[in-house]
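Chemist: Mind having a look at this structure? Questions to follow.
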Amino acid sequence: MAQIGIETISDNISMIDFELSGVKRIGALYLIKGDKTCLVDSGTKESAKKIIKGLDSVKSFPPDMIILTHSHWDHTQGVPTFCREAEKRSKKIVVMASEKAISNLKDQSWNSVFDEKHKYENVIDVEPLKEGQIIDLGGIELEVIDFSGHCADDIALYDKKHKIIFIGDSLGYKFEHSLFFPPFMPPFWDKDGFYSAAEKLKKIDYEKIFLAHYGCLNGKEAQDFPNETVAAMETWWNVFVESDKKGKLDDVTYMREAIVKEANIVMPEVEIAKASMRIMLSLINMGKKIFGKEPIDVGAVQLEGFINWLVKGYKGATQ
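Going by the working numbering, the first residue of the sequence shown is number 2, and it counts up by one from there.
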């Protein structure tokens with residue numbers, strides 16, 4: 002099993018690339034170390050064992066607690082594996098999430114909106130968090146802030162002393178420091194909630210933002226983020242509105258081309274995590290070249306899959 006990437010951000014924070022969907026640098030967890038250790042989100046069931054191995058390598062498994070920023074599968078499904086492994090070591094992980102998330106965690110079957118074939122494990126024994134509650138890690142305090150919009154139960158975690166904030170997926174995704182993707186995911190997207198969360202962020206005294214997808218923003222990039230992500234969401238949303246009028250929402254190729262044009266998207270090169278998959282893709286594309294066929298563009302495939310999810314989020318909010 003290959004070693005998962007753990008990057009030191011500061012003395013107290015490390016970023017873990019959990020290789021979402023087998024791709025590097027699109028999904029992150031954060032390990033926070035005070036007197037107690039805290040993992041922000043848990044990744045997927047498929048990534049859990051690699052994350053445990055990575056945390057073991059830095060002597061940080063099990064963490065004292067896991068705080069879930071919301072109840073979508075790519076943030077929650079590592080929890081059961083982590084808790085079972087901790088129990089094998091006679092340890093217990095305290096799992097926390099918004100009080101709004103408890104019922105959504107107890108029954109995770111609704112995540113089938115993302116993949117009907119996947120089996121989602123329920124997440125139980127979760128401590129509910131309220132807005133304004135302070136989580137004391139010993140030397141680090143995290144304030145819980147309701148950022149619902151992307152999901153019905155988003156929270157942000159604000160460290161006032163160090164002027165940093167962890168916002169999960171609540172205000173969207175940013176890759177390669179320039180590529181914005183919007184967060185109107187099914188089944189709980191709330192546009193007004195998104196705008197409210199963006200306004201809340203503008204009023205917070207922060208220097209760094211930690212995104213689940215993907216990485217740490219600081220300085221001017223962090224300060225510009227609230228306005229830029231709102232503008233990006235509105236650009237994408239307008240593409241969906243116009244495509245809906247034309248009856249084109251379910252034409253994924255049309256949608257991809259429209260979004261690339263209107264949002265000026267340039268997809269970065271996608272790095273597949275597993276060497277075996279890279280070799281297989283190389284061989285497949287070699288064969289396609291021999292027979293005069295277009296090679297598989299992993300970035301385009303990923304983008305179309307993302308668009309399919311957004312279509313469901315858009316329809317759920319408008320139809």
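Heads up, the beta-carbon is just placed ideally off N, CA and C, and yes, glycines get one too. Here the structure is a predicted model, which means the values were calculated and not measured.
1. Drop a sphere of 10 angstroms on the beta-carbon of D137, count the other beta-carbons inside from all chains shown, and report buried for 16 or more, exposed for fewer.
2. Among Q78, I17 and F185, which residue has its Cα nearest to the Cα of K316?
3. Would T254 be called buried (16 or more neighbouring beta carbons within 10 Å of its own) or exposed?
4. Residues in its own chain within less than 6 Å of K249 by CB, not counting five upstream and five downstream?
5. Give me whichever residues DSSP pairs with C39 in a beta bridge.
6. Can F181 and A233 be called in contact, C-beta distance under 8 Å?
7. Relative to the C-alpha of D75, which residue among K51, A98 and E47 is closest?
8. Span of the alpha helix (DSSP H) holding E144?
9. Closer than 8 Å by C-beta to K164: which residues in its own chain qualify, once you throw out the five before and the five after it? Chain order, please.
10. Taking the C-alpha atoms as reference points, what is the distance between T38 and L32?
11. Which residues share a DSSP beta bridge with Y174?
12. Given a cut-off of 8 Å on the beta-carbon distance, is the pair W238 and P183 in contact?
13. CB V240 to CB I266, shorter than 8 Å?
14. Around the C-beta of T45, are 16 or more other C-beta atoms found within 10 angstroms, so that it is buried, or is it exposed?
15. Under the three-state reduction of DSSP, which class applies to Y159: helix, strand or coil?
Modeler: In short:
1. exposed
2. F185
3. exposed
4. Y255
5. I33 and M66
6. yes
7. E47
8. First-last for E144: E142 to D147, but that is the beta strand (DSSP E), not the alpha helix (DSSP H).
9. D206, Y207, E208 and K209
10. 7 Å
11. F182
12. yes
13. no
14. buried
15. strand
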